[in-house]
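Student: Residue numbers (my numbering), protein chains in the order written: chain G, -19 to 305; chain H, -19 to 305. Ideal placement from N, C-alpha and C gives every residue a C-beta, glycine not left out. This structure is a prediction, so every number in the text was calculated from the model and none was measured.
1) Can residue 86 of chain G and residue 281 of chain G be called in contact, C-beta distance under 7 Å?
2) By the 10 Å Cβ neighbour count, where 16 or more other Cβ atoms means buried, how is residue 261 of chain G classified, buried or exposed?
3) Just verifying my parser: in three-state terms, what is the DSSP assignment at residue 113 of chain H?
4) Which residues in chain G sit within 8 Å of residue 228 of chain H, going by Cβ to Cβ distance?
5) Taking residue -17 of chain H as the reference, give the member of H/17, H/6 and H/12 with the closest Cα.
6) May I ask you to report which of helix, strand or coil DSSP gives residue 177 of chain G?
7) Give the straight-line distance between the Cα atoms of residue 66 of chain H and residue 94 of chain H, rounded to the nearest whole angstrom.
8) Any C-beta of chain H sitting closer than 7 Å to the C-beta of residue 69 of chain G?
9) Do we get a CB-CB distance below 7 Å when we pair residue 280 of chain H with the residues of chain G?
10) If we require 4 or more residues per run, which alpha helix (DSSP H) segments fall completely within the region 44 to 102 of chain H?
11) Out of curiosity, what's the CA-to-CA distance linking residue 158 of chain G and residue 162 of chain H?
12) Is it buried or exposed, residue -19 of chain G, if we count other Cβ atoms within 10 angstroms and call 16 or more buried?
13) Spatial neighbours of residue 190 of chain G within its chain, please: C-beta separation below 7 Å, excluding the five flanking residues on both sides.
14) In the region 206 to 264 of chain G, which residue ranges form an unbroken beta strand (DSSP E) of at least 3 residues, counting only runs that do not cross its ends?
15) Give the secondary structure of residue 284 of chain H by DSSP, where H, G and I count as helix, E and B as strand, and everything else as coil.
16) What number of angstroms, rounded off, separates the C-alpha of residue 195 of chain G from the C-alpha of residue 180 of chain G?
17) Check for me: the beta strand (DSSP E) holding residue 146 of chain G runs from which residue to which?
18) With contact counted as at least three CB pairs below 8 Å, one residue from each stretch, are the region 251 to 265 of chain G and the region -14 to 2 of chain G in contact?
19) Could you check where the beta strand (DSSP E) with residue 20 of chain H kicks off and where it finishes?
20) So is residue 0 of chain H in contact with chain G if we call contact Cβ pairs under 7 Å?
21) Check whether chain H comes within 7 Å of residue 243 of chain G, counting only Cβ atoms and requiring the distance to be less than that.
22) Is residue 257 of chain H close to chain G? Criterion is C-beta to C-beta, closer than 7 Å.
23) Does the beta carbon of residue 161 of chain G come closer than 7 Å to any beta carbon on chain H?
24) Of the residues that make up the region 0 to 32 of chain H, which ones have a beta carbon closer than 7 Å to any beta carbon in chain G?
25) Report the option in H/177, H/48, H/197 and H/9 whose CA atom is closest to the CA atom of residue 138 of chain H.
26) Given residue 146 of chain H, which residues of its chain have a CB within under 8 Å of its CB, disregarding the five upstream and five downstream residues?
27) Spatial neighbours of residue 99 of chain G within its chain, please: C-beta separation below 6 Å, excluding the five flanking residues on both sides.
28) Please confirm if residue 86 of chain H has its CB atom under 7 Å from at least one CB of chain G.
29) Quick check on residue 21 of chain H: buried or exposed, where buried means 16 or more other Cβ atoms within 10 Å of its Cβ?
30) Quick one: which residues of the region 110 to 128 of chain G get their C-beta closer than 9 Å to a C-beta of chain H? List them in chain order.
31) For residue 271 of chain H, does the three-state DSSP call read helix, strand or coil?
32) Please decide whether residue 132 of chain H counts as near chain G, where near means a Cβ-Cβ distance under 7 Å.
33) First and last residue of the beta strand (DSSP E) that includes residue -13 of chain H?
34) Starting from the Cα of residue 225 of chain G, find the closest Cα among G/258, G/188 and G/81 and give me that residue.
35) Please report the straight-line C-alpha distance between residue 208 of chain H and residue 210 of chain G, rounded to a whole angstrom.
36) Bridge partners of residue 123 of chain G, per DSSP?
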C-alpha cells in the first residue's frame, strides 16, 4: 500500500480523496489543512493534521504528499518545504514559472533524497505531453490549444472583484468552427479573439448597475479585453442551481506535413464534468509513479515529460504489453 | 549528428527517409535492402548495402538501425539479429506477439549493450500510450479504439487472394454516430459490426464473376464475416488514380467516472494522409530517444510506455519546460 497525504483540502483535495477510493493500491493516511476543525467534521475518521508554515516537519508515515493548494501562494512555498521531508506530487500551473519552479524543486528533492513530480494535471500535464509529442512526430508543424467549454477560476475571480458583483462564473468557450477548420487541414494564425470567447454569469442585485458592470468586465485588460465577452445577469438561486459544477476540457491539435505534402493531424481532447476530480485522478496516478521512481533510486524533480508513462498504471509492464499495446 | 540506417526499403523505409530530412540532428548513413540495384537507382548517392541473413554483421558506422520490414516475416527475425550489433527501433505490430517479442529483444539487447525500442508507431505506439494513461487516470473506465477511415493492408491482401481479383483496396471505416455516442457519455459494449464497416474496391475484369467474388469476400472468416462489408468494382485506372495513397487514422477513447458520478471522456484522434510517412516520423523520433537512452547508460528493450516522452523531442528539457508545458 502506498501511503498518501493530502496537503490542502479544497476542491482539488476532495478530488484526490475521491480518486484514492478508486485506486486500491493506495491509502489516504492524513489530510493537512489550515482549517482542521471544519475538515475533521467533513471527513470523519481520517487523520487531520494542522498545517502551519513548518508543515513539512510533521512526523507522519506518508510515502507521497499530494499538494492541493493554490499555484499562486501555496505551492511555490509548500513545494520546497515538503520536498525536504517527503516525495511530492503537485499541479503547479503558472505556466510561465514552471521552468523556475522545476529548478527549485529539483535542488531540494535531490538534496533530501526525494522525488517530486510537478505540474501534473491536464494543462499543464497531459496537454503538455501532447504538445511535445506532436512537435516531435511532426517537426515544423503548427500546434493549437483550445480550452473549454469550461469554468476558469481566474476569470471568475476577476469578474467577482468588480464593484457591485456578488458572484460570477466565467466559461471559456472555443469559437465554433475554428477546431473544425484545423481538423480539415488548414493552419491559420488565429488571434485570441478568433479562438475563444468568454461567457460570464453575474449575480448583481442592483439592476441599475448592470450596464456599468458589463462594461467594466468586457473592458478588463489581460482577462477580457482581447476576447468577445458576453455578460449574463442571473439570480443567486440560478447561480447555485446551474453553475456549481466545475466542468472543463479542451483540445490540443498538431497539424503538420510529412514527405512530399501529406497532411497529418493529431488531436487530443478531454471533456471533464469535474475539473478538480479529474485533476485529482491524474495526481493520484502520478503519486504511484513517484513512489516507483523513488523505489528505483531516482531523485529530484520530474514533469510528466520526464517519466515513463507505464509507471502511472497499476498494471505491470508485462500485463501492459500483453493487454494494452 | 545521430547516424541512422534503414533496414528494408518499402513504403515505411521511404517514410523514414522523408522524416530524416525534416530532423536536422540525424543523418541517413545507409539503406540495407534485398533489392540493392533497384533501390540504388531510386535513392541516388545514399549508400546502399545488400541485406542478407547475416545482415547484422555488416560493418557500418550507424548509431540506430530503423527496421522497416514486415511484422510477419522480417522483424521477428531481423530484430534480434540487428540488436546484437546496433541499437534498433521497429514498428512490430502483431499485437498478440508483442509481449513475447519484447522478451526476446530485451535479452539480446541487454547482452550486447544496446537499446531497442519496439512496436513504435501509432497503433501499437501512441494509441497504446493513450489506452494506458486513460486507464491509469480513470480506473474502472471503458476504453474504445476505432480505426479509420483508412486502408488496411492485411484486409486488402486477403481480398486480393480471391480468384478472379486483379487488385483490391480495403478501407476500414468507423460506423457513423458510434463515436459521437461515446463522446456524449454512453458506454455500451459494441459488437465488431457496430464499431466498424469495411469498404473494398476491387478490380476484376470478368464482370460475370463479380457476384461470386463479392460473396467470397463478404463471407471470409476473420477478415470480413463479422462486419458489414461493401464491395465496389472499379477499373484498374480508377484504382491507380483514386487509391494509391495510404491514408489511415483512428480514435482512442476512454470514458469513466470520478467522485460521485462525474463523467470524464478522453479522446485521442489521428487523421493521417499517409500512414507509412507518419509511422516513419514516429520511428525517427524514437531513434533520437534510443540514442539518448543508450548515451544515458540504458540497455535492453523498451516500448513507448517505458521511456520518458521528452526524449523524443529535439528540444532540451529546459526548453520544453519553458515553452511546451
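Tutor: Short version:
1) Locating residue 86 of chain G in the first chain gives position 106, where the first residue counts as 1. Locating residue 281 of chain G in the first chain gives position 301, where the first residue counts as 1. A contact, by the Cβ cut-off of 7 Å.
2) What you label residue 261 of chain G is simply residue 281 of the first chain in a count that begins at 1. Counting Cβ neighbours within 10 Å, residue 261 of chain G comes out buried, since at least 16 surround it.
3) Against the second chain, residue 113 of chain H aligns to sequence position 133. Note: residue 113 of chain H maps to helix in three-state DSSP.
4) The residue labelled residue 228 of chain H in the question sits at position 248 within the second chain. Simply none; closest approach about 10 Å.
5) Position 3 of the second chain, counted from the start, is the residue given in the question as residue -17 of chain H. Closest option to residue -17 of chain H, Cα to Cα, is H/6.
6) By one-based count along the first chain, residue 177 of chain G stands at place 197. Looking at residue 177 of chain G - three-state DSSP - the assignment turns out to be strand.
7) Mapped onto the second chain, residue 66 of chain H falls at position 86. Mapped onto the second chain, residue 94 of chain H falls at position 114. Roughly 6 Å separates the two Cα atoms.
8) Locating residue 69 of chain G in the first chain gives position 89, counting from the first residue. No, residue 69 of chain G does not count as interfacial toward chain H.
9) Walking along the second chain from the start, residue 280 of chain H turns up at place 300. For residue 280 of chain H, the answer is no, since every Cβ of chain G falls outside 7 Å of its Cβ.
10) 55 to 63 and 78 to 91
11) Here the question's residue 158 of chain G lines up with position 178 in the first chain. Here the question's residue 162 of chain H lines up with position 182 in the second chain. Roughly 22 Å between the two C-alpha positions.
12) Here residue -19 of chain G refers to the residue found at position 1 when the first chain is read from its first residue. Looking at its Cβ environment, which holds fewer than 16 other Cβ atoms inside 10 Å, residue -19 of chain G is exposed.
13) As a first step, residue 190 of chain G must be located in the first chain, where it is residue number 210. Contacts found: 184 and 213.
14) 208 to 213, 228 to 238 and 242 to 252
15) In the second chain, residue 284 of chain H corresponds to position 304, counting from 1. Residue state, collapsed to three classes: helix.
16) Here residue 195 of chain G corresponds to residue number 215 of the first chain, with the count starting at 1. Here residue 180 of chain G corresponds to residue number 200 of the first chain, with the count starting at 1. C-alpha separation (whole angstroms): 12 Å.
17) Position 166 of the first chain, counting from 1, holds the residue named residue 146 of chain G. It is not in any beta strand (DSSP E) - residue 146 of chain G carries neither H nor E in the DSSP assignment.
18) Segment contact: the region 251 to 265 of chain G against the region -14 to 2 of chain G, three or more CB-CB distances shorter than 8 Å; contact assigned.
19) The residue labelled residue 20 of chain H in the question sits at position 40 within the second chain. Counting along the chain, residue 20 of chain H falls outside any beta strand (DSSP E), though it belongs to the alpha helix (DSSP H) covering 16 to 23.
20) Locating residue 0 of chain H in the second chain gives position 20, where the first residue counts as 1. No, no contact with chain G.
21) Your numbering for residue 243 of chain G matches position 263 in the first chain. Yes, residue 243 of chain G counts as interfacial toward chain H.
22) In the second chain, the residue the question calls residue 257 of chain H occupies position 277. It does; some Cβ of chain G falls within 7 Å.
23) Residue 161 of chain G sits at position 181 when you count from the first residue of the first chain. So, not an interface residue.
24) The region 0 to 32 of chain H vs chain G, Cβ under 7 Å: 2 and 3.
25) For the purposes of this step, residue 138 of chain H is taken as the residue at position 158 of the second chain. Selected option, being the one with the closest Cα: H/197.
26) Here residue 146 of chain H refers to the residue found at position 166 of the second chain. Correct list, in chain order: 183, 184, 185 and 216.
27) As a first step, residue 99 of chain G must be located in the first chain, where it is residue number 119. For residue 99 of chain G, where only same-chain residues beyond five positions count, the Cβ hits under 6 Å are 72, 78 and 283.
28) Here residue 86 of chain H corresponds to residue number 106 of the second chain, with the count starting at 1. Not one chain G Cβ lies under 7 Å of residue 86 of chain H.
29) One-based indexing of the second chain puts residue 21 of chain H at position 41. So residue 21 of chain H counts as exposed.
30) 110, 111, 112, 113, 115, 116, 117, 118, 119, 120 and 123
31) Counting from one through the second chain, the residue named residue 271 of chain H turns up at place 291. Reduced to three states, the DSSP call for residue 271 of chain H is helix.
32) As a working mapping, residue 132 of chain H is identified with position 152 in the second chain. Using a Cβ-Cβ cut-off of 7 Å, residue 132 of chain H does not count as an interface residue toward chain G, since no Cβ of chain G sits closer than that to its own.
33) Counting from 1 along the second chain, the entry for residue -13 of chain H is found at position 7. Here the beta strand (DSSP E) through residue -13 of chain H covers -18 to -13.
34) Residue 225 of chain G sits at position 245 when you count from the first residue of the first chain. When only C-alpha atoms are compared, the closest one is G/258.
35) Taking the first residue of the second chain as 1, we reach residue 208 of chain H at position 228. Taking the first residue of the first chain as 1, we reach residue 210 of chain G at position 230. When rounded, the distance between both Cα atoms is 47 Å.
36) For the purposes of this step, residue 123 of chain G is identified with residue 143 of the first chain, where counting begins at 1. According to DSSP, residue 123 of chain G bridges with G/234.
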